[in-house]
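Asker: I have a structure I would like to understand better, so I am pasting it below and will then ask my questions one at a time.
Residue numbers (the working numbering): 605 to 705.
What follows is the structure in structure tokens.
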């Protein structure tokens with residue numbers, strides 16, 4: 605499915621009142637060691653590993669320090685660098701003078 609088609613489907617879903625429903629899937633590959641850590645932490649927290657992984661991704665994407673650390677290490681083009689604004693409890697990303705939600 606093309607990126608444009610995905611956006612249109614997302615808009616249609618949001619238009620039906622499902623805007624906060626989790627509909628975007630991301631597949632990751634973990635090493636055996638990292639998978640074992642995730643499973644142990646999930647068990648300790650009485651969660652499924654996929655639920656915990658999703659929660660960790662959400663927290664990282666909303667943590668200014670983690671975002672800045674990752675950008676310092678991996679961001680090679682300053683034009684694409686994200687500026688993170690925290691407005692109340694909401695974190696917004698600004699790139700090149702425009703707001704991308």
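Glycine included, each C-beta is placed from N, C-alpha and C at the ideal position. As the structure is a computational prediction, the values presented were derived from the model and not from experiment.
Should the region 665-673 be called in touch with the region 637-645, which here means at least 3 C-beta pairs below 8 Å?
Answerer: No: fewer than three Cβ pairs fall under 8 Å.
Asker: Do residue 648 and residue 656 come within 7 Å of each other at the CB atom, strictly closer than that value?
Answerer: Taking 7 Å as the Cβ cut-off, residue 656 and residue 648 do not qualify as a contacting pair.
Asker: Using a Cβ-Cβ cutoff of less than 8 Å, which residues in the same chain neighbour residue 630 once the five nearest sequence positions on both sides are dropped?
Answerer: 661, listed in sequence order.
Asker: Of all the alpha helix (DSSP H) runs that stay within the bounds of the region 646-671, which reach a length of 4 or more residues?
Answerer: Complete alpha helix (DSSP H) runs here, min 4: 653-665.
Asker: Which first and last residues belong to the beta strand (DSSP E) in which residue 696 is found?
Answerer: Element bounds for residue 696: 694-699.
Asker: Over the uninterrupted beta strand (DSSP E) stretch that includes residue 630, give me the two end residues.
Answerer: Segment: none, residue 630 is in no beta strand (DSSP E) and carries neither H nor E.
Asker: Would DSSP call residue 690 helix, strand or coil?
Answerer: Residue 690 falls in the strand class under three-state DSSP.
Asker: For residue 671, which option in 690, 658, 653 and 633 has the closest C-alpha, if you only look at C-alpha atoms?
Answerer: The shortest C-alpha separation from residue 671 is found at 690.
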